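Worksheet for the structure shown next.
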Amino acid sequence: MKYRFILLIVFTLTVISSFSQPPEVIYQGTVARSGFINNGSYGPFNIGFNFTFFGNTYTQFYVTSNGLVLFGAGSTDGTEDPIPTAATPNNFIAAFWDDLTVDGSGNILYTTVGASPNRKLIIQSRNMGFYPFPPFFGTFSVILYETTNVVQVQYRLIVDKVSQRAHGSSATIGLENADGT
Numbered sequence: 174m175k176y177r178f179i180l181l182i183v184f185t186l187t188v189i190s191s192f193s194q195p196p197e198v199i200y201q202g203t204v205a206r207s208g209f210i211n212n213g214s215y216g217p218f219n220i221g222f223n224f225t226f227f228g229n230t231y232t233q234f235y236v237t238s239n240g241l242v243l244f245g246a247g248s249t250d251g252t253e254d255p256i257p258t259a260a261t262p263n264n265f266i267a268a269f270w271d272d273l274t275v276d277g278s279g280n281i282l283y284t285t286v287g288a289s290p291n292r293k294l295i296i297q298s299r300n301m302g303f304y305p306f307p308p309f310f311g312t313f314s315v316i317l318y319e320t321t322n323v324v325q326v327q328y329r330l331i332v333d334k335v336s337q338r339a340h341g342s343s344a345t346i347g348l349e350n351a352d353g354t
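Next up, the structure:
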């Protein structure tokens with residue numbers, strides 16, 4: 174009986190640790206925006222290497238409080254559109270394009286890490302909230318890889334587990350080229 178009880182405890186702890194998330198990676202870097210803001214666009218900021226996006230090479234990017242990373246020009250558009258569309262904005266990565274705000278305790282950071290030719294740019298949006306009620310719903314990151322030109326999007330610490338908006342019901346997620354096709 175004692176053996177079964179110990180086995181049950183070990184199994185329970187194993188299951189719990191298997192389904193729990195690893196600790197959130199909080200990157201340090203340059204602050205693109207800190208404190209409450211709605212519909213903000215910031216940049217240009219240096220990527221730190223040449224990054225090719227849909228056949229065009231860029232050395233700078235813009236970031237918005239509405240979940241976009243853009244190349245060529247910024248945008249404060251808080252109304253997400255279907256992808257693709259020729260309507261502006263174009264030439265972007267939509268990590269979680271919605272009418273978002275940077276929460277009062279949140280920020281948007283960016284940093285370039287690694288050594289050439291394997292660097293990566295990490296753009297992290299922390300404590301993002303939905304406008305007009307900005308209790309934060311979570312954190313997400315866009316990672317751009319040098320040489321391979323891979324775009325990786327990570328979603329971490331989704332706090333709002335109830336609202337449909339936090340589960341993407343109104344958000345647009347994807348990529349769009351410079352001419353919107």
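Residue numbers (our numbering): 174 to 354.
All C-beta atoms, glycine included, are put in the ideal place defined by N, C-alpha and C.
The structure displayed is predicted, hence computed values, not measured ones.
According to the neighbour-count rule (16 or more other Cβ atoms, all chains shown, within 10 Å of its Cβ), is residue i buried or exposed?
{"i": "Val323", "result": "exposed"}
{"i": "Ser314", "result": "buried"}
{"i": "Thr237", "result": "buried"}
{"i": "Tyr235", "result": "buried"}
{"i": "Asn264", "result": "buried"}
Compute the Euclidean distance between the alpha carbons of residue i and residue j, then round it to the nearest angstrom.
{"i": "Pro262", "j": "Pro290", "result": "30 Å"}
{"i": "Leu282", "j": "Gln325", "result": "16 Å"}
{"i": "Ile256", "j": "Asn239", "result": "16 Å"}
{"i": "Leu181", "j": "Gln297", "result": "Because the pLDDT at Leu181 is just 39, under 50, the model does not fix this residue reliably, and the value given afterwards should be weighed accordingly. Roughly 40 Å separates the two Cα atoms."}
{"i": "Asp271", "j": "Ala288", "result": "34 Å"}
{"i": "Ile266", "j": "Phe310", "result": "20 Å"}
{"i": "Tyr304", "j": "Ala351", "result": "27 Å"}
Which of the three DSSP states is assigned to residue i in this structure?
{"i": "Asp271", "result": "coil"}
{"i": "Gln201", "result": "coil"}
{"i": "Val236", "result": "strand"}
{"i": "Gly347", "result": "strand"}
{"i": "Asn300", "result": "strand"}
{"i": "Asp276", "result": "strand"}
{"i": "Ile316", "result": "strand"}
Could you round the C-beta distance between residue i and residue j to whole angstroms and report it? I think they count as a contact, below 8 Å.
{"i": "Arg299", "j": "Gly279", "result": "5 Å"}
{"i": "Tyr215", "j": "Phe224", "result": "That pair is no contact at about 18 Å."}
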